[in-house]
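Chains as they are written, first to last, in our numbering: chain A, 1 to 470; chain W, 1 to 438. Ideal Cβ placement from N, Cα and C applies to all residues, glycine included. Okay, so here's the structure we're looking at.
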């Protein structure tokens with residue numbers, strides 16, 4: 001646990017006094033303090049390419065009245081710096097008058113332990129493991145052209161000081177282990193990428209040789225892609241595999257259900273509350289409470305305990321994801337979705353672990369029902385235009401389906417669809433819901449935060465596949 | 001107030017001396033201070049005001065051919081001392097790599113030219129507010145515009161880059177940027193579009209009325225899009241996105257991609273990659289340029305480079321580490337390109353639009369569908385159909401796909417280059433691509 005005021009010219013009670021005084025005519029706000037340690041160790045091209053340790057600390061001071069957010073951040077935790085920030089906030093909001101909302105729910109739950117993953121595994125053993133990954137993959141034959149593997153570990157301590165001395169704290173571990181392999185055969189090169197992670201120590205994900213499973217999966221994907229043919233172009237049926245393909249849910253509807261876009265009426269979903277937006281049988285939640293998951297948080301970055309928020313229940317739109325600001329302006333409660341990348345960033349309503357729940361069909365039933373279409377198993381990134389609702393994501397492992405049978409692998413292609421209508425095209429929901437392996441980072445307004453996704457296999461009646469073959 | 005060079009130099013020198021004391025044989029360090037003020041508006045009301053004051057230090061220590069790095073935002077000597085010890089400890093146990101080293105001394109930048117990158121003008125927040133009011137006033141005149149957002153950011157930076165071979169350089173830079181996002185609506189369906197200006201000097205900023213008007217017009221024009229049939233067709237890239245082709249080229253000719261063998265342009269040096277009418281230049285010494293610099297992120301002198309001459313790939317983008325791997329000298333591109341651009345083509349914009357009966361004109365792409373290893377490209381797109389030289393109707397929910405190797409060979413440029421971003425391209429036609437729609 002960090003003591004943010006140690007070695008500074010200010011103590012906790014003085015900081016609390018500045019916060020209370022600054023926010024006295026505001027609707028909301030807080031002083032957010034953050035200490036962030038992280039490491040990155042990269043093996044590439046047979047060598048340890050880089051080892052970097054980052055240590056960052058600072059505060060973000062926020063005052064909110066009405067719709068206006070005043071924000072000031074610095075890495076200088078000192079009396080002078082805080083006073084200056086305070087003056088800056090008061091000046092911005094000088095013509096406004098608000099009433100501070102002191103209410104913030106409390107929690108005794110904890111969804112991860114306070115460990116520091118960077119220190120819980122020795123540097124030597126990390127280097128050894130990276131070298132083992134390299135040797136293991138290269139021993140698979142001369143088709144292995146390039147191997148990259150890396151450790152990303154972090155420990156973040158946050159402290160939130162609200163008006164009238166309410167203090168909320170959280171300590172968050174996070175790790176990610178990633179392997180990427182390039183294979184070359186007959187002059188053709190393809191990549192396979194796989195990773196694992198979450199809010200535990202590295203060894204929880206890599207022990208007992210399970211790092212080999214990560215390597216094998218990356219190798220398998222690259223190997224499949226070596227045999228890939230040009231992807232088809234045009235509208236067709238699409239079967240999505242379980243787990244990580246749920247970034248479709250994240251892009252297609254998740255962003256559109258974030259509170260800010262709906263308060264501002266810029267989301268394609270803003271006037272659809274209570275309406276049928278998905279096929280019956282489709283239920284989607286955003287859950288911050290799953291133990292040790294990458295997108296989980298004990299409290300969000302405003303101090304609100306997270307929860308399991310039902311977004312769509314049996315096809316009906318039930319809730320948006322809210323931070324305190326948007327909840328207040330929309331007359332509802334925060335869902336514990338207020339997040340920020342760091343003390344340098346303002347809070348926005350964000351996703352945590354976005355999941356489509358299981359239905360009753362098997363994947364086989366879906367595939368055998370398709371005459372002509374594609375089966376998409378793994379994806380790279382995605383993106384959405386929340387106003388028009390159009391979203392894309394890129395396949396990294398996909399196959400054609402002909403007459404109910406899985407055919408040849410196809411080259412990476414972008415799939416494009418329309419958020420508000422895509423879920424109505426979901427005709428079958430599988431019984432095989434799976435969480436992703438813990439690798440997702442979501443970007444919004446220049447801020448990246450760790451997220452998770454989950455879904456069962458699903459059959460989509462019609463989607464545009466962006467291949468080259470007409 | 002932005003810290004001066006002397007303040008930053010003191011810290012850089014302290015880090016170098018202290019690292020050497022702890023056993024480093026070589027040291028590189030960068031110390032940065034930046035102050036940024038941002039104001040944003042939404043629907044003609046103040047939405048957010050944000051002030052940032054931040055330090056950053058990046059330190060790399062070498063023990064012979066072993067290397068490790070730390071980054072921190074806390075410049076206090078007690079913190080730096082702890083981090084340096086940690087960095088040295090990690091360096092000692094990191095395996096050595098014969099290509100790890102500081103840049104060759106004779107490649108280092110020796111003379112600092114004033115490239116006119118710093119405008120000390122402070123634009124107070126109430127002026128920014130006035131500017132944004134004008135942006136939004138103009139953006140929202142048409143009743144089809146239902147939402148506007150506008151922002152103004154002022155950035156002041158100062159940095160020092162130093163290494164244990166005696167290199168020490170740094171200078172101030174400034175940046176002013178303003179943007180407007182407009183949302184239009186018709187029959188319940190919405191579209192959004194934007195306009196954006198970024199300059200080193202306040203006086204060069206676009207007029208607020210211009211920013212608002214362009215954003216609004218673009219958002220209105222996009223209303224009521226159609227999804228077209230899948231077909232092979234010539235695709236014109238609007239200037240806002242044609243520069244993306246150059247960014248792809250830059251990734252594919254970076255020394256790291258070439259040395260690792262993970263570029264679709266590997267072994268293509270001195271080969272014809274583009275039509276012979278194409279020239280591509282990376283020029284770091286443009287006055288007031290958004291990508292201008294005296295030296296790269298390792299302190300190596302950067303000069304103008306013809307990357308592609310008459311269609312032939314002439315240079316990679318080389319830093320010290322991968323340069324050594326390739327047996328090539330760094331050409332000052334650690335950290336990437338500077339002011340990168342296509343030289344103008346010969347056709348006017350109008351003639352380009354008229355060069356065939358029918359085109360797809362793309363104004364926006366979404367997704368990250370470019371694969372540097374294979375050259376395969378597939379992204380979501382929206383834009384307009386062009387028939388007989390006229391933009392006829394908006395198009396959306398389609399993809400465009402091809403392979404960069406072929407796309408590069410089928411490029412035709414208009415003569416409307418503007419230096420508006422760090423990477424700039426004129427309107428660009430790729431003769432045939434696959435469009436997937438209905």
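Closer than 8 Å between beta carbons: that is the criterion. Which residues of the stretch 313-332 of chain A meet it against chain W? Residues: none.
Can you find a C-beta in chain D that's less than 9 Å from the C-beta of residue 124/A? Among the protein chains in the structure shown, which are A and W, there is no chain D.
Kindly indicate which three-state DSSP category residue 138/A falls into: helix, strand or coil? Note: residue 138/A maps to helix in three-state DSSP.
Within its chain, find whatever has a CB closer than 6 Å to the CB of residue 37/W; leave out the 5 residues flanking it on each side and keep chain order. The beta carbon of residue 37/W is closer than 6 Å to those of 51, 154 in its chain, skipping five residues each way along the sequence.
Is it true that the CB of residue 455/A sits closer than 9 Å to the CB of residue 348/A? With respect to the 9 Å criterion, residue 348/A and residue 455/A are not classified as neighbours on the basis of their beta carbons.
Under 7 Å Cβ to Cβ from residue 263/A, same chain only, skipping five residues before and after it: list those, please. Once the five neighbours on either side are set aside, the close Cβ partners of residue 263/A are 326, 329, 330.
Residues that DSSP places opposite residue 290/A in a beta bridge: As computed with DSSP, residue 290/A is found in no beta bridge at all.
Per DSSP, the bridge partner or partners of residue 390/W: When beta bridges are read from the DSSP output, residue 390/W appears opposite 387/W.
How about residue 417/A: is its C-beta nearer than 9 Å to some C-beta of chain W? Answer yes: the Cβ-Cβ gap between residue 417/A and chain W drops below 9 Å somewhere.
Do you know how far the Cα of residue 155/A is from the Cα of residue 70/W? Cα to Cα, the separation comes out at about 16 Å.
So residue 73/A contacts chain W; which residues on that side make the cut at Cβ distance below 7 Å? Simply 52.
Per DSSP, the bridge partner or partners of residue 237/W: Looking at the DSSP output, residue 237/W sits in a beta bridge with 362/W, 428/W.
Determine whether the Cβ of residue 15/W lies closer than 9 Å to any Cβ atom of chain A. Not closer than 9 Å to any Cβ of chain A, the Cβ of residue 15/W fails to qualify, so no.
So which residues of chain W does residue 48/A contact, with C-beta pairs closer than 8 Å? Under a criterion of Cβ atoms nearer than 8 Å, the residues of chain W adjacent to residue 48/A are, in order, 94, 95, 97.
Specify, as a first and last residue, the run of the beta strand (DSSP E) that residue 208/W falls within. Taken as a continuous stretch (DSSP letters only), residue 208/W belongs to no beta strand (DSSP E), being part of the alpha helix (DSSP H) at 208-221.
Interfacial residues, the stretch 390-409 of chain A to chain W, with Cβ spacing under 8 Å: Answer in chain order: 390, 391, 392, 393, 394.
Please tell me whether residue 86/W has its Cβ less than 9 Å away from any Cβ of chain A. Answer yes: the Cβ-Cβ gap between residue 86/W and chain A drops below 9 Å somewhere.
When you compare the CB of residue 32/A with every CB in chain W, is at least one pair closer than 9 Å? Among the residues facing chain W, residue 32/A is not included, as its CB has no counterpart in that chain under 9 Å away.
CB-CB length for residue 274/W against residue 409/W, believed under 8 Å: In this structure residue 274/W is in contact with residue 409/W, their Cβ atoms being roughly 7 Å apart against a cut-off of 8 Å.
By the 8 Å beta-carbon criterion, what residues does the stretch 384-411 of chain W contribute toward chain A? Of all residues in the stretch 384-411 of chain W, 396, 397, 398, 399, 400, 401, 402, 403 have a Cβ within less than 8 Å of some Cβ in chain A.
Entirely enclosed beta strand (DSSP E) segments - the stretch 183-208 of chain A, minimum 3 residues: As far as the stretch 183-208 of chain A is concerned, its whole beta strand (DSSP E) runs of at least 3 residues are 188-198.
Residues of chain W with CB closer than 8 Å to the CB of residue 127/A, please, in chain order. Residue 127/A reaches chain W at 93, 94, 95, counting residues in chain order whose Cβ is nearer than 8 Å.
Who are the neighbours of residue 47/W on chain A, taking C-beta pairs under 8 Å? Chain A residues near residue 47/W: 67, 68, 69.
Between residue 272/A and the rest of its own chain, which residues show a CB-CB distance below 8 Å, the 5 nearest in sequence each way excluded? Within the same chain, residue 272/A has close Cβ partners 317, 420.
Members of the stretch 224-245 of chain A that neighbour chain W once the beta carbon cut-off is set at 7 Å: So the list reads 233, 234, 235, given in the order they occur along the chain.
Nearest chain A C-beta to residue 422/W closer than 9 Å, yes or no? Not an interface residue.
Under 8 Å Cβ to Cβ from residue 421/W, same chain only, skipping five residues before and after it: list those, please. Within the same chain, residue 421/W has close Cβ partners 198, 243, 290.
Is the beta carbon of residue 70/A less than 9 Å from the beta carbon of residue 83/A? With respect to residue 83/A, residue 70/A sits apart: the two C-beta atoms are not nearer than 9 Å.
Nearer than 8 Å: is that true of the beta carbon of residue 301/W relative to any heavy atom of the ligand PLP? Within the structure as shown, the ligand PLP is missing, as the structure has no ligands at all.
For chain A, is any of its Cβ atoms less than 9 Å away from the one on residue 434/W? Closer than 9 Å: yes.
I want to see whether chain A comes within less than 9 Å of residue 31/W, judged by CB atoms only; does it? Residue 31/W is outside the set of residues whose beta carbon lies under 9 Å from a beta carbon in chain A.
Work out the CA separation of residue 310/W and residue 277/W for me, nearest whole Å. The C-alpha of residue 310/W is placed about 5 Å away from the C-alpha of residue 277/W.
For residue 428/A, I'd like the list of residues in its chain whose CB is within less than 6 Å of its CB, leaving aside the five on either flank, ordered along the chain. Same-chain partners within the cutoff: 361, 366, 459.
Straight-line gap, residue 62/W to residue 29/W (C-alpha atoms, nearest Å): Here the alpha carbon of residue 62/W sits roughly 12 Å from the alpha carbon of residue 29/W.
For residue 273/W, which residues in chain A fall below 9 Å Cβ to Cβ? Against chain A, the beta carbon of residue 273/W has no neighbour under 9 Å; the closest one sits roughly 18 Å away.
Determine, for residue 192/W, whether the minimum Cβ-Cβ distance to residues of chain A falls below 9 Å. For residue 192/W, the nearest CB of chain A lies under 9 Å from its own CB, placing it at the interface with that chain.
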